[in-house]
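According to the UniProt record's numbering, the sequence shown holds residues 1 to 102 in order.
Cβ atoms here follow ideal geometry from the backbone N, Cα and C, with glycine treated the same way.
Just so it is clear, the structure is predicted and the values come from calculations on it, not from any experiment.
This report refers to the structure that appears directly beneath it.
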Amino acid sequence: MRERYIAPAIMLIAGAITSILNIVNGVKALDGLKALLIVLIIFYIIGKIVTVIIRKATAVPGVPTETVQTPTEEEELTTEEEISQKGDSTIGERKTEDSSEI
């Protein structure tokens, strides 16, 4: 799941470095933007390639990638809510919000 952030992270770091170098070197705005666009596209493609390599390197042997299921954000939140509700409950009773206090 976290692999999806690799390409944008690489792209943004490269873009930040390019922007800083453009400012330090006094590059004209239009030329700097052209260079920035090219750098962002190139490093996004590089990030995608790196993501594929990392997925292949960390894949479980013998198990197709499509069948490996990682919990989604909604499932993780549900699990965290269940844990917090179990911790807040007293002898099987769940605390509920009192709507009359509004």
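Cβ-based burial, residue i [other Cβ within 10 Å; buried from 16]
| i | result |
| --- | --- |
| Ala16 | exposed |
| Gly26 | exposed |
| Thr18 | buried |
| Gly47 | buried |
| Ala7 | buried |
| Ile10 | buried |
Secondary structure of residue i, DSSP reduced to three states
| i | result |
| --- | --- |
| Pro8 | helix |
| Lys28 | coil |
| Gly62 | coil |
Residue i versus the options, residue with shortest Cα-Cα distance
| i | options | result |
| --- | --- | --- |
| Ile41 | Leu21, Ala14 and Thr51 | Ala14 |
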